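Residue numbers (my numbering), protein chains in the order written: chain A, 14 to 352; chain V, 3 to 172.
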């Protein structure tokens, strides 16, 4: 199995877990997804599959088409847990397909809210690099497909909030100190006034898991791609500074104690629920970032954070179907990985 | 309220007429309203125009100015606003007047700047009614699979040849 993108660490990787670029596109000949029938969905899936294969062969060989209908529900949910597809997309497999590359850093969700949701994921802070890759794939597709576009509104999307560039750029940030000093809410309010959204890791209607927050741009019309990316980059650096300032305010001994307690639990626990795991792995990440822990790498934290989630465990281990067994298995896998 | 024509009975029927954009409302009793259909009447509603205005009123509700729908996907504006989802690319021009203020409200502007579609301007010139060869081939491939699955092999062979022809002709 090839190394996945999320098993690596990138720029500012202790606080910026990952970067995500999403481009929304629609084929001009077809109604938007909520008005498509089953046959049209099939046609659209195969149009994108063919368009990717027609590209130059190195790109074509790197991609596989996956029909969600052929996956078991746990595999689909596991993909959502690892942010390859959206949870809503995973929950409704009918007529849904995804084109995925080997290291999972590029995913083309088909017939989600738009005909194409092209997503590029990258470890650490890498907005321009990720966008350039997304743009390359999009240009390749537009050699054979006509995307709905108007001079006035740019790329046309099912929801008017995505009009224009169709670009949503986001960074996943680890903000345990801001969370602890109660700074998230006011930060989120300030950010929304200047056109950015800060929310819990798994998108709408979810609390933050392991102090992970997603920061993204709200506007896509009237602002070009690189300006939007520069703005987000600037804001990200400011949020990082705020998180660091908040860490300074915390009692040093209390942090050391918290980090080493979590270290002890993850290395020794025999039963570990998902919630407990995320709480402790968050403390480990903080410990690495602050130089308190040196024998665990950010890469290991990234691997565990993805692999220890419920549906991902179930899709890999039969015994994980039972929730009590799953917590025992999780504790065992974490212990082995931290040896 | 008393009927505005006979001024004797209670008005139970509301009648609207619109002439040159000016709408007038009248309140009539049941008898007077029924009378319109048989004898017509003169003042205060001058002339035969009244019939046509009644006619128009009814048509307003039904067919004369029916709910505007997108010719491509059949969405109406209320479909779009109730779902919060636009039906298709064409809807953006069909409902331009209604959508534009909404878009400005969301984004603070209604003009794109950023990447331009390589085929964007060309598409607008050639019109939107032609499918690309790739799209037609993809549709045929789906039909081919269905024909094979339902064991209609003769039809499948015809579709297969057509796909081959189109692919070679590219």
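Just so it is clear, CB atoms sit at the ideal spot from N, CA and C, and this is done for glycine as well. Because the structure is a prediction, the values reported are computed rather than measured.
Check, Outcome
"Test: residue 210 of chain A CB closer than 9 angstroms to a CB of chain V", "no"
"Residue 164 of chain A at chain V interface by Cβ criterion, 9 angstroms", "yes"
"Check whether residue 300 of chain A and residue 273 of chain A have beta carbons under 9 angstroms apart", "yes"
"Residue 435 of chain A - DSSP class collapsed to helix/strand/coil", "Since the displayed chain A opens at 14 and closes at 352, residue 435 of chain A lies outside it and no answer follows."
"Closer than 7 angstroms at the beta carbon, the chain A residues around residue 120 of chain V", "155"
"Contact the stretch 306-317 of chain A vs the stretch 331-338 of chain A: 3+ CB pairs below 8 angstroms", "no"
"Between the CA atoms of residue 36 of chain A and residue 191 of chain A - distance to the nearest angstrom", "30 angstroms"
"Burial state of residue 39 of chain V, where buried means 16 or more other Cβ atoms lie within 10 Å", "Here the model assigns residue 39 of chain V a pLDDT of 46, short of 50, so the residue's position is not dependable and the matter cannot be decided."
"Complete runs of the alpha helix (DSSP H) confined to the stretch 263-345 of chain A [at least 4 residues]", "265-281, 287-302, 311-320, 323-329"
"Residue 135 of chain A - DSSP class collapsed to helix/strand/coil", "strand"
"Element boundaries [alpha helix (DSSP H), containing residue 51 of chain A]", "51-67"
"Residue range of the alpha helix (DSSP H) that includes residue 140 of chain V", "135-151"
"Neighbour flag for residue 136 of chain V against chain A, beta carbons, 9 angstroms", "yes"
"Sequence ranges, beta strand (DSSP E) only - wholly within the stretch 145-225 of chain A, length at least 3", "180-187, 209-213"
"Rounded C-alpha distance that separates residue 10 of chain V from residue 29 of chain V", "12 angstroms"
"Residue 166 of chain V versus residue 63 of chain A - alpha carbon distance", "15 angstroms"
"Listed by chain order, chain V residues near residue 172 of chain A by CB distance under 8 angstroms", "86, 87, 88"
"Sequence-distant residues of its chain with Cβ nearer than 8 angstroms to residue 55 of chain A (five each side left out)", "108"
"Reduced DSSP secondary structure (H/G/I, E/B, other) of residue 102 of chain A", "helix"
"With 16 other Cβ atoms within 10 Å as the buried cut-off, status of residue 77 of chain A", "exposed"
"Closer than 9 angstroms to chain V by CB, residue 64 of chain A", "yes"
"Alpha-carbon to alpha-carbon, residue 163 of chain V and residue 232 of chain A", "48 angstroms"
"Span of the beta strand (DSSP E), counted from its first residue to its last, around residue 77 of chain A", "76-80"
"Interface flag, residue 24 of chain A vs chain V, CB-CB below 9 angstroms", "no"
"Classification of residue 155 of chain V by the beta-carbon crowding that lies within 10 angstroms, buried from 16 upward", "exposed"
"Residue 141 of chain V at chain A interface by Cβ criterion, 9 angstroms", "yes"
"Beta carbon proximity, residue 77 of chain V to chain A, threshold 9 angstroms", "yes"
"Residue 268 of chain A versus A/252, A/297, A/249, A/98, residue with shortest Cα-Cα distance", "A/297"
"Residue span of the beta strand (DSSP E) that contains residue 160 of chain V, given as start and end", "Where residue 160 of chain V is concerned, there is no enclosing beta strand (DSSP E), although the alpha helix (DSSP H) it sits in stretches over 155-170."
"One or two residues paired with residue 111 of chain A in a DSSP bridge", "A/79, A/122"
"Beta-carbon proximity of residue 94 of chain A to residue 244 of chain A, cut-off 9 angstroms", "no"
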